[in-house]
Amino acid sequence: MIHNERVRHMVKLQAFADHKGKEYFPVLKYFRRDYVGLHLIKGFVSGTIAYGVCLIMWGIYNMEELMANIHTMDLAKFAVDVLLRYLAFLVVYLIGVFIYAENKYTRARKKLRAYNRHLKRVINSFELDGGEL
Amino acid sequence: MTALLEIKERIRSFCGRFEVYLVPVIKSILAFLTFHMIRSHLGYMTQLNSMTLVLAFALACALLPVNMIVVFAALLVLLNLFSLSLAACMVSFLVLMVLFLLYFRFSPQKGFYAVLTPLAFIFHVPYVIPVAIGLLDDNPVSVLAMMSGTVMYYLLGGIVANDSAIAEMLEDDSVLTKFVDVLNQFVGNREMMVMLVILTLSTLVVWFIRRLSVDHAWAIAISTGCLLQFILRFICDMQFKLPGSTLEVLAGVAVSALVGFVLQFFFFNLDYTRTERVQFEDDEYYYYVKAVPKIYVAGTEKKVQKFSGDDVPITRRDLAQEMDIDEDLLDF
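So the sequence lines, in the order shown, correspond to chains A and B.
Okay, so the first sequence: first residue is 1 according to the numbering used here, each after it adds one.
Okay, so the second sequence: first residue is 1001 according to the numbering used here, each after it adds one.
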């Protein structure tokens, strides 16, 4: 006989696995600190590359001016300026990454808790019927 | 109203039943619109300029993840721009790369917003996107996808508007000079900056208000978002003398309000007159719960009562089975 309540929970489990599982299941393979740390490392790499690309574009855009003033400009001051801007950008970007990763981990735990609740009910209903999973 | 609610329920049940087919169809329509727009606005490479190819790409996207639309669109754009000018292709590639690096970290599943936003701009209704994202998305980070779409629209718009100048390669022009020319279409584009600020701000405002626990939160969010968009755009128009008429902005905002209310009807149709407030407690917390019932009309089920029909003759075996007796007992 079809166990309506069990089917309802199983449908919910499958729907979650199909729609949100891809996003949330991998998150909980990590501890919170590891997950956030991994995101920060990835963020650091992608942020650095993005800043580098922007710097190249800025360099090409201002090539004429740079070439004209290269003999007179203070190169050390210029390098420090570029570095400070890079650090400021990276700090802002990594704060964003940190907030995002923290929130995502919290959200994933909440969703997975609901998922586990349905899973427990399915297991219980099997056990009540004397069956095994 | 009841008729509308019945139609809504029918649409919902139809979508539920045929989701397996509807999702690929919607994906391929979105992909077709995107590739067709690229073809008609940026069709510089004749080899890519055929409708068959666009259809083939769109059909392929039906079976692939939604983000593949973004990948195919980026490829088509870059190839077309390569045909126009190497510098245009390089600038677009670098801008795409920066957007990809900074944005895909946050909302990789919401890539389709980056495609929908330029489409909305082409159809003169960009104000629909913030309202839709603010209402439907759980995560305001999706705003980054919308920003990427906006940046790409203005970059490509600038290139298309000056394509003859960009394509012309004079003798003393180097690739670098062209690179600067292309970047000039993009850097200091006041309209782009204004639209980025307006769209981002209104998305966040709509998202924030619709999550509040106040009556008619969605309606308030839609109205506030639309009003904010109109006022900001109007002020910026006056300040920076931007192209486009006030009437066009007004029409765009009106369409966005209409779309917002349609979305509300489908996804958040509540009956505030029957709001209930309950309080209860457990060992750790005291709960103040506000429960607002959804407006729901059950579809009328048609029951067909048959008064006459073909008589199906009952066999000995069926009768015996029904009575749970041996067939031989019926021999009398």
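Beta carbons: idealized from backbone N, C-alpha and C, even for Gly.
Note that this is a predicted model, so its numbers are computed, not measured.
Same chain, Cβ closer than 8 Å to residue i, five either side skipped, listed in chain order
| i | result |
| --- | --- |
| His1124 (chain B) | Glu1248, Ala1251 and Gly1252 |
| Gln1264 (chain B) | Leu1135, Trp1218, Ala1219 and Ile1222 |
| Asn1189 (chain B) | Tyr1154 and Gly1158 |
| Ala1161 (chain B) | Gln1185 |
| Leu1183 (chain B) | Val1091 |
| His3 (chain A) | Ser125 and Asp129 |
| Pro1108 (chain B) | Asn1067 |
| Arg1317 (chain B) | Glu1327 |
| Val1214 (chain B) | Ile1220 |
| Leu1196 (chain B) | Met1147, Thr1150 and Val1151 |
Same chain, Cβ closer than 6 Å to residue i, five either side skipped, listed in chain order
| i | result |
| --- | --- |
| Arg121 (chain A) | His9 |
| Thr1117 (chain B) | Ile1129, Met1146, Gly1149 and Thr1150 |
| Ala1031 (chain B) | Ala1058, Cys1061 and Ile1069 |
| Arg1276 (chain B) | Per the sequence shown, the amino acid found at residue 1276 (chain B) is Glu instead of Arg. So the qualifying residues of the chain are Ala1291. |
| Glu1191 (chain B) | Leu1242 |
| Val1141 (chain B) | Phe1106 and Ser1107 |
| Cys1089 (chain B) | Leu1078, Leu1081 and Phe1082 |
Residue i, buried or exposed, once every other Cβ within 10 Å from all chains shown has been counted against 16
| i | result |
| --- | --- |
| Gln1185 (chain B) | buried |
| Cys1015 (chain B) | exposed |
| His39 (chain A) | buried |
| Asp18 (chain A) | exposed |
| Val1175 (chain B) | exposed |
| Asn1080 (chain B) | buried |
| Thr1203 (chain B) | buried |
| Asp1181 (chain B) | buried |
| Phe31 (chain A) | exposed |
| Leu1063 (chain B) | exposed |
| Val1262 (chain B) | exposed |
| Asp1138 (chain B) | exposed |
| Ile99 (chain A) | exposed |
Distance CB(residue i)-CB(residue j) smaller than 8 Å
| i | j | result |
| --- | --- | --- |
| Tyr105 (chain A) | Tyr35 (chain A) | yes |
| Val1259 (chain B) | Ala1073 (chain B) | no |
| Val1194 (chain B) | Phe1268 (chain B) | no |
| Ile1209 (chain B) | Arg1233 (chain B) | no |
| Leu1094 (chain B) | Met57 (chain A) | yes |
| Val27 (chain A) | Ala108 (chain A) | yes |
| Ser1245 (chain B) | Cys1226 (chain B) | no |
| Ile60 (chain A) | Phe1179 (chain B) | yes |
| Leu87 (chain A) | Phe44 (chain A) | no |
| Tyr51 (chain A) | Lys111 (chain A) | no |
| Thr1200 (chain B) | Val1143 (chain B) | yes |
Same chain only: Cβ atoms within 7 Å of residue i, ignoring 5 sequence neighbours per side
| i | result |
| --- | --- |
| Asn1049 (chain B) | Arg1039 and Gly1043 |
| Leu1099 (chain B) | Ser1148 and Val1151 |
| Ile1122 (chain B) | Met1037 |
| Val1297 (chain B) | Thr1002, Leu1005, Glu1006 and Glu1009 |
For residue j and residue i, believed in contact at Cβ under 8 Å, the rounded distance
| i | j | result |
| --- | --- | --- |
| Arg1105 (chain B) | Val97 (chain A) | 7 Å |
| Met1045 (chain B) | Ser1083 (chain B) | 4 Å |
| Leu1156 (chain B) | Val1077 (chain B) | 7 Å |
| Lys20 (chain A) | His118 (chain A) | Lys20 (chain A) to His118 (chain A), Cβ: 13 Å. No contact. |
| Lys1294 (chain B) | Leu1270 (chain B) | 6 Å |
| Leu1033 (chain B) | Leu1119 (chain B) | 6 Å |
Every unbroken alpha helix (DSSP H) inside the stretch 1209-1276 of chain B [4 residues or more]:
List check, alpha helix (DSSP H) in window: 1217-1240 and 1246-1267.
Quick check on the DSSP output: what are the complete beta strand (DSSP E) runs of length 3 or more inside the stretch 1130-1191 of chain B, in order along the chain?
The stretch 1130-1191 of chain B contains no whole beta strand (DSSP E) run of 3 or more residues.
Alpha helix (DSSP H) segments (min. 4 residues) lying fully within the stretch 1039-1109 of chain B
Counting only runs of 4 or more, we get 1051-1063, 1067-1084 and 1086-1103.
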